[in-house]
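Below: the structure, in structure tokens.
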Amino acid sequence: MATRKPKALPAAQVLAALSGLLGNGGIRVVDLTQTLTPDFPQIALPPEMGQCWPFRIEEASRYDERGPGWYWNNFSCGEHTGTHFDAPIHWVSGRDLPNNAVDTIPVQHFVAPACVIDCSRQAKADPDFLLGIKHVKAWEKKHGRIPPGSWVLMRTDWSRHWSRTASDAAATRAQLAAAAKAYQNFDETGQHTPGPDADVVRFLVEERDVLGFGTEAIGTDAGQGYHLKPPYPCHYFMHGAGRYGLQCLTNLDQLPPTGAVLVCPPLKIQQGSGSPLRVLALVDGQ
Ligand code: MN
Numbered sequence: 007m008a009t010r011k012p013k014a015l016p017a018a019q020v021l022a023a024l025s026g027l028l029g030n031g032g033i034r035v036v037d038l039t040q041t042l043t044p045d046f047p048q049i050a051l052p053p054e055m056g057q058c059w060p061f062r063i064e065e066a067s068r069y070d071e072r073g074p075g076w077y078w079n080n081f082s083c084g085e086h087t088g089t090h091f092d093a094p095i096h097w098v099s100g101r102d103l104p105n106n107a108v109d110t111i112p113v114q115h116f117v118a119p120a121c122v123i124d125c126s127r128q129a130k131a132d133p134d135f136l137l138g139i140k141h142v143k144a145w146e147k148k149h150g151r152i153p154p155g156s157w158v159l160m161r162t163d164w165s166r167h168w169s170r171t172a173s174d175a176a177a178t179r180a181q182l183a184a185a186a187k188a189y190q191n192f193d194e195t196g197q198h199t200p201g202p203d204a205d206v207v208r209f210l211v212e213e214r215d216v217l218g219f220g221t222e223a224i225g226t227d228a229g230q231g232y233h234l235k236p237p238y239p240c241h242y243f244m245h246g247a248g249r250y251g252l253q254c255l256t257n258l259d260q261l262p263p264t265g266a267v268l269v270c271p272p273l274k275i276q277q278g279s280g281s282p283l284r285v286l287a288l289v290d291g292q
């Protein structure tokens with residue numbers, strides 16, 4: 007017997023309810039964004055390759071002779087600096103897709119539900135932890151099937167390596183440098199941070215029709231993702247299928263496994279491959 011779907015509420019009624027609940031805290035807004043500072047750990051490629059600029063900021067005036075009544079800064083950074091969005095055009099597999107850059111992606115995609123898979127225990131035990139299909143299926147057994155068009159966010163608490171120190175106003179340069187080192191987690195064999203395996207990325211794209219994949223580490227792929235087949239499978243399969251990436255997320259521990267709505271529009275850079283952005287999650291605040 008077919009199950010009957012609940013009748014959808016009229017959109018005007020939903021929007022009015024949303025406004026009311028945002029106003030009275032019935033819906034809470036959680037910030038999933040790391041603060042952009044010059045100290046934030048930057049993705050590092052082998053030196054012979056093109057590099058992504060770190061965040062730099064310079065004061066233009068601050069109520070002084072350079073501008074008596076106003077304060078403002080100039081800044082520069084790469085498209086993949088800080089908490090940021092990856093567009094399909096970022097990867098060679100997505101280079102020829104339609105609407106594959108941040109300025110042409112349908113804006114409807116920037117507001118979407120999120121499923122949060124808690125891998126914090128595994129990532130704590132093993133920085134090279136790879137999320138696999140079996141973990142997703144175990145999650146679905148508890149929380150239901152991942153709906154099409156959802157973000158899948160891999161919670162690892164990896165962000166804490168940085169944010170715990172960065173949020174302490176008394177942190178010294180040496181402490182910040184140590185936190186950046188722990189967040190990057192390089193050794194002589196490369197970077198060691200958790201991410202998805204190749205099979206689960208294909209599964210999420212082909213069997214679950216997800217919108218994208220988000221992580222707390224510096225990339226959507228694991229630190230050792232180069233050694234997977236294909237190398238960097240999350241970039242390769244997600245972007246090859248026109249899906250998106252979010253990385254350097256934080257506060258995923260404040261999200262429920264299902265039910266959050268993500269608001270994450272990147273900057274409208276012409277033919278941009280990604281951009282730093284503010285990532286917000288609407289959650290049940292009751
Ligand atoms: Mn990126």
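Start counting the sequence shown at 7; every next residue gets the next number (our numbering). Note that beta-carbon positions come from the ideal geometry of N, C-alpha and C, so glycine has one too.
Annotation for Leu-182: the continuous alpha helix (DSSP H) segment containing it runs 179-190. Look at Gln-128 here: in three-state DSSP terms it is helix. Boundaries of the alpha helix (DSSP H) harbouring Val-20: 17-30, taken from the DSSP string. Note on geometry: alpha-carbon atoms of Ala-175 and Gln-40 lie some 15 angstroms from one another. Non-local beta-carbon contacts of Asn-80 in its own chain, meaning distances under 6 angstroms to residues more than five positions away in sequence, involve Glu-64 and Ala-66 in chain order. Counting only the Cα atoms, Thr-226 lies some 14 angstroms from Val-211. The DSSP-derived three-state label of Leu-137 is strand. His-167 sits close to Ala-188, with the two beta carbons spaced by under 8 angstroms.
The shortest CA-to-CA distance from Gly-196 to any of Asp-37, Asp-203, Tyr-232 and Cys-125 is the one to Tyr-232.
By the neighbour-count criterion, in which a residue is buried when 16 or more other Cβ atoms sit within 10 angstroms of its Cβ, Pro-202 is buried.
In the DSSP assignment, Ser-169 falls within the alpha helix (DSSP H) that extends over 166-172. From the listed residues Lys-148, Ile-152, Leu-159 and Lys-147, the smallest Cα separation to Leu-137 is found for Leu-159. In the DSSP assignment, Leu-210 falls within the alpha helix (DSSP H) that extends over 204-212. The C-beta separation of His-115 from Ser-281 comes to about 14 angstroms, leaving the pair out of contact by the 8 angstroms criterion. Look at His-90 here: in three-state DSSP terms it is strand. Check the Cα spacing between Thr-43 and each of Asp-70, Gly-88 and Glu-54: the tightest is with Gly-88. As the crow flies, the alpha-carbon of Met-244 is around 46 angstroms from that of Gly-73. Within its own chain, the residues whose Cβ lies closer than 6 angstroms to the Cβ of Val-108, once the five positions on either side in sequence are excluded, are Ala-93, Pro-272, Ile-275, Gly-278 and Ser-281, listed in chain order. For Asp-163, the three-state secondary structure derived from DSSP is coil.
Within the region 240-272, the runs of beta strand (DSSP E) at least 3 residues long that lie entirely inside it are, in chain order, 250-253 and 266-269. Pairwise C-beta distances place the region 94-108 in contact with the region 237-252, as three or more of them are shorter than 8 angstroms.
A distance below 6 angstroms between beta-carbons, with the five flanking residues on each side excluded, links Cys-83 to the following residues of its chain, in chain order: Trp-59 and Phe-61. Residue nearest to Lys-130 within the set Val-267, Ile-152 and Asp-163 is Asp-163 (criterion: CA-CA distance).
Its chain contains Gly-32 as the residues whose beta carbon lies nearer than 6 angstroms to that of Gln-292, once the 5 sequence neighbours on both sides are disregarded; these appear in chain order.
Here Leu-288 is buried: its Cβ has 16 or more other Cβ atoms, across all protein chains shown, within 10 Å. With a 10 Å radius around the Cβ and a threshold of 16 neighbouring Cβ atoms, Arg-68 comes out exposed.
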